[in-house]
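Worksheet: one structure, shown below.
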Amino acid sequence: MKARPRAAAAAGERGTRTAEEARIAFSSASCLSMAGPFGSPGCFVSTLDNLYLKLILTLLAGLTVFDPACSDESIKRSEYNRMPPMFVYDQYDECLFSDPDEVVGTYCMVRVVVKPDNASSIWRLIETFSSNTKLHMNHALLDRGICVIDVAETIARLKVDNISALVVPKFEIEFPYIYRYNSFRNVEPYKKNYSDLMAAIVNTDLTERYGLQAYTEIEYCDRTGVDEFPIDGVDIAFLVFIADLIIAVIASSYYDASWKSILRCLSILPFSLTPSSSSSSSPLNSVVHDDDDTIHDNVLHGG
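Per UniProt numbering: the sequence shown = residues 1 to 303.
Written out as structure tokens, the structure reads:
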């Protein structure tokens with residue numbers, strides 16, 4: 001008769017243990033489900049900590065989904081390729097590193113300022129995207145490296161009767177777009193000979209691909225075997241300055257080494273003036289020692 005209460009108690013204990021294990025398992029699953037991108041917060045945190053973590057995750061999720069700036073930014077990225085690329089360069093080495101007797105190439109760096117056109121959706125995208133100067137570069141300012149081997153052939157490829165018709169006059173530009181006037185040598189001859197051609201090349205591409213036009217200005221040009229500048233006064237002054245600097249470094253190093261040698265000799269000199277143990281065998285010391293021995297004997301023997 002006593003076995004039944006014991007069996008009932010054991011069954012109740014097993015039921016309690018099973019319920020506790022189920023609660024722990026559910027708590028563990030809840031902890032794991034809350035791990036998210038931040039890793040598991042652990043299964044021993046308090047209920048209050050769990051609530052705080054859930055609140056933080058909810059706020060972060062809300063910022064990620066509902067922030068208008070973030071959604072607007074994603075739209076801009078999807079349309080980013082609609083804008084003209086900021087930097088496009090022809091191969092510099094292939095253009096200039098050739099035999100001047102066979103072919104003479106001219107390579108020009110051209111600054112390109114896109115002309116505002118409110119009727120163009122691409123221009124409106126450029127204007128909006130570039131207005132955030134803290135995050136984005138100015139996509140209204142483009143950089144082009146253009147190689148011209150044969151002027152006549154280049155004009156023929158443009159398929160225009162008058163390249164001057166593709167030149168956009170300079171308009172009011174509200175941002176710096178080029179280095180000062182005399183930053184590079186021999187720019188003016190290149191501007192005189194190649195400005196219209198460079199403008200035609202750039203505007204043909206912008207018009208056909210993007211429906212835009214731009215003001216262009218040559219920053220500098222290089223030409224195969226031509227622009228080899230002689231040494232001038234500025235170069236000589238720089239070389240003299242470098243030579244003086246090298247001489248000063250060598251002289252100061254020699255002076256420092258000489259003084260270290262002198263100081264080393266002076267530090268050794270006092271030790272050389274101290275009587276050594278070998279000097280005790282000199283005649284003077286022998287006489288002194290003999291006199292001391294005589295005095296010592298007289299004292300002992302009462303002499």
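Think of the CB as a built atom: it goes at the ideal place given N, C-alpha and C, for glycine as much as any other residue. It should be emphasised that the depicted structure is a prediction, and the values quoted were computed from it without experimental measurement.
Distance check for residue j and residue i, CA to CA, integer angstroms please.
{"i": "residue 116", "j": "residue 248", "result": "57 Å"}
{"i": "residue 166", "j": "residue 137", "result": "27 Å"}
{"i": "residue 127", "j": "residue 84", "result": "13 Å"}
{"i": "residue 189", "j": "residue 224", "result": "15 Å"}
{"i": "residue 252", "j": "residue 266", "result": "21 Å"}
{"i": "residue 156", "j": "residue 148", "result": "12 Å"}
{"i": "residue 93", "j": "residue 221", "result": "14 Å"}
{"i": "residue 262", "j": "residue 233", "result": "43 Å"}
{"i": "residue 231", "j": "residue 207", "result": "44 Å"}
{"i": "residue 56", "j": "residue 90", "result": "51 Å"}
{"i": "residue 161", "j": "residue 123", "result": "28 Å"}
{"i": "residue 178", "j": "residue 184", "result": "12 Å"}
{"i": "residue 77", "j": "residue 172", "result": "29 Å"}
{"i": "residue 388", "j": "residue 245", "result": "Absent from the model: residue 388. The displayed extent of the chain is 1 to 303, so no value can be given."}
{"i": "residue 64", "j": "residue 238", "result": "Low confidence applies to residue 64: its pLDDT is 43, below 50, so where it sits in the model is not reliable enough to give any reading."}
{"i": "residue 118", "j": "residue 102", "result": "47 Å"}
{"i": "residue 256", "j": "residue 264", "result": "12 Å"}
{"i": "residue 133", "j": "residue 209", "result": "26 Å"}
{"i": "residue 139", "j": "residue 170", "result": "18 Å"}
{"i": "residue 258", "j": "residue 176", "result": "56 Å"}
{"i": "residue 240", "j": "residue 97", "result": "32 Å"}
Do residue j and residue i have their beta-carbon atoms positioned less than 8 Å apart in this structure?
{"i": "residue 95", "j": "residue 194", "result": "no"}
{"i": "residue 146", "j": "residue 198", "result": "yes"}
{"i": "residue 135", "j": "residue 114", "result": "no"}
{"i": "residue 125", "j": "residue 79", "result": "yes"}
{"i": "residue 130", "j": "residue 211", "result": "no"}
{"i": "residue 104", "j": "residue 144", "result": "no"}
{"i": "residue 112", "j": "residue 216", "result": "yes"}
{"i": "residue 158", "j": "residue 106", "result": "no"}
{"i": "residue 200", "j": "residue 168", "result": "no"}
{"i": "residue 110", "j": "residue 202", "result": "yes"}
{"i": "residue 218", "j": "residue 260", "result": "no"}
Look up residue i in the DSSP assignment and give the residues it is bridged to.
{"i": "residue 153", "result": "According to DSSP, residue 153 bridges with nothing at all."}
{"i": "residue 214", "result": "114"}
{"i": "residue 89", "result": "145"}
{"i": "residue 223", "result": "106"}
On the premise that residue j lies in contact with residue i, defined as a C-beta separation below 8 Å, what is that separation, rounded to the nearest angstrom?
{"i": "residue 196", "j": "residue 242", "result": "That belief does not hold up - the Cβ atoms of residue 196 and residue 242 are roughly 43 Å apart, past 8 Å."}
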